[in-house]
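Everything in the sequence shown is counted per the numbering used here, starting at -9 for the first residue and increasing by one. Glycine included, every Cβ here is placed at the ideal spot set by N, Cα and C. Given the structure is predicted, the values throughout are model-derived calculations rather than measurements.
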Amino acid sequence: MSDTVAALAPTALPPAGRGVWRTLRRRPVFWVSAAVLAVLALIALAPSWFAGWFGHGDPRACDLTNSGRAPGGGHVFGTDVQGCDVYANVIYGTRASLTVGLLCTALALVVALVVGTLAGFYGGLLDRVIARLTDVFLGFPFLLGAVVVLTSIGTRSAVTVALVLALFSWPTMARLVRGSVRAVRNAPYVEAAQSMGLRDRRIIARYVLPNSIGPVLAIATTMVGGVIVSESTLTFLGLGLRSPSISWGLQLSSAQTYFQTSPHMLIFPSIFLTVTVLAMIALGDTLRDVLDPKGR
-9 MSDTVAALAP TALPPAGRGV WRTLRRRPVF WVSAAVLAVL ALIALAPSWF AGWFGHGDPR
51 ACDLTNSGRA PGGGHVFGTD VQGCDVYANV IYGTRASLTV GLLCTALALV VALVVGTLAG
111 FYGGLLDRVI ARLTDVFLGF PFLLGAVVVL TSIGTRSAVT VALVLALFSW PTMARLVRGS
171 VRAVRNAPYV EAAQSMGLRD RRIIARYVLP NSIGPVLAIA TTMVGGVIVS ESTLTFLGLG
231 LRSPSISWGL QLSSAQTYFQ TSPHMLIFPS IFLTVTVLAM IALGDTLRDV LDPKGR
């Protein structure tokens, strides 16, 4: 029975391994962005090891006598207004920024897959109800909605900020999932599986999602960079993470008034933020092109 359905399925599924990997490994952008993100992931997992490369490596070891010191000596990125090592703070801030971006995207992706698949596969009244629900969330501007919710929250950790951003991130991906599922739900292999009496859950998991999830994964990868920027923006405005948390947004927020006298306080966190976002976007664009059959 399964062999019959598999014979009707496409020979090259969008998320399948060999064809996608063969195309990806020929693209230098993929290797560059993957290498950058791999290094950032290692920094987030072991910040103390990387922070110890230059200087003492403790972001909370501050000396007011070294306030705003330019790069040099034992401080390769200089010090901030409190005399803390900027390099150590940038390294330790990687974890919080990546945690918000990855956790928010993962949560939004899970909700989008569930909601979008149900709407796209079953249609009818369920589709209309879900469509109106997504319209309600899309009616709130992303950052404005996050500002409204965050102002009512007492403690703001990386997890709470990620949850709030995920609350306003899933509708766009849910619509994309719905469209992808609707494009394959009437495919011959899906109809064959239904005619053989397979359960909807098995059909969705084995035949529908594998053939519709490719574009969604590509968009999700790009979304991580956007979420990191949003977190930094909210923190810069004083509405995101708060001390004693360490993040790039907090560093940018504290450095804004000292740019003319101590520009290094703003430049180095901005470089890390920009490189991370560019790597995420480049990887997402590459995956989108590869997972799209027309782009192969």
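Item                                                                                                                                                                       : Value
So Asp75 packs on Pro49, CB below 8 Å; how close in whole Å?                                                                                                               : 6 Å
Under the DSSP definition of a beta bridge, which residues are partnered with Thr69?                                                                                       : Asp75
May I have the straight-line CA-CA distance separating Val101 from Cys94, to the nearest angstrom?                                                                         : 11 Å
Output needed for Ala272: all residues of its chain with C-beta closer than 6 Å, excluding positions within five of it in sequence on either side, in chain order.         : Val19 and Ser23
So, using beta-carbon positions, are Val90 and Ala182 closer together than 8 Å?                                                                                            : no
Out of Phe40, Asp70, Pro131 and Gly106, which one is the CA nearest neighbour of Ile203?                                                                                   : Gly106
Out of Asp125, Thr141, Tyr82 and Tyr112, which has the shortest C-alpha to C-alpha gap to Gly42?                                                                           : Tyr82
Less than 8 Å between the CB atoms is what I'm expecting for Leu133 and Val154, so what's the real figure, rounded?                                                        : Actually they do not touch by this definition, with Cβ atoms about 11 Å apart.
For Thr(-6), which residues from the same chain have a beta carbon less than 8 Å from its beta carbon, with the 5 sequence-adjacent residues on both sides left out?       : Unreliable placement is indicated for Thr(-6), whose pLDDT of 49 sits below 50; the coordinate value is still reported in the next sentence. Within the same chain, Thr(-6) has close Cβ partners Ala182 and Met186.
Drop a sphere of 10 angstroms on the beta-carbon of Thr84, count the other beta-carbons inside from all chains shown, and report buried for 16 or more, exposed for fewer. : buried
Under the three-state reduction of DSSP, which class applies to Gly62: helix, strand or coil?                                                                              : strand
Less than 8 Å between the C-beta atoms of Ala210 and Leu99, yes or no?                                                                                                     : yes
How many angstroms separate the CA atom of Pro5 from the CA atom of Thr266?                                                                                                : At Pro5 the pLDDT is 41, less than 50, meaning the model places this residue with poor confidence; the figure from the coordinates comes in the next sentence. Rounded to the nearest angstrom, the two C-alpha atoms are 25 Å apart.
Considering Cα atoms alone, identify which of Ala164, Gly239 and Leu157 is closest to Ile120.                                                                              : Ala164
For the alpha helix (DSSP H) that Met186 lies in, which residues bound it at each end?                                                                                     : No alpha helix (DSSP H) contains Met186, which DSSP labels as neither H nor E.
Near Ala(-1), which residues of its chain fall below 7 Å by C-beta distance, leaving aside the five closest residues on each side in sequence?                             : With a pLDDT of 48 at Ala(-1), under the threshold of 50, the modelled position of this residue cannot be trusted; read the value that follows with caution. Result list for Ala(-1): Tyr179 and Tyr197, in chain order.
What ranges does the alpha helix (DSSP H) occupy inside the region 98 to 182, keeping only unbroken runs of at least 4 residues that lie completely in it?                 : 114 to 128, 132 to 140, 148 to 157 and 160 to 174
Which residues bound the alpha helix (DSSP H) around Phe262?                                                                                                               : His254 to Leu281
Alpha helix (DSSP H) containing Val214: first to last residue?                                                                                                             : Gly204 to Phe226
Can you list, in chain order, the residues of its chain whose CB lies under 8 Å from that of Met255, leaving out five sequence neighbours each side?                       : Gly58, Gly68, Asp70, Val71, Val76, Gln241, Ser244, Ala245, Tyr248 and Phe249
How long is the line joining the alpha carbons of Val219 and Leu263, rounded to whole angstroms?                                                                           : 8 Å
Hey, Leu123 and Leu116: beta-carbon distance below 8 Å or not?                                                                                                             : no
Can you check whether the CB of Gly110 is closer than 8 Å to the CB of Arg172?                                                                                             : yes
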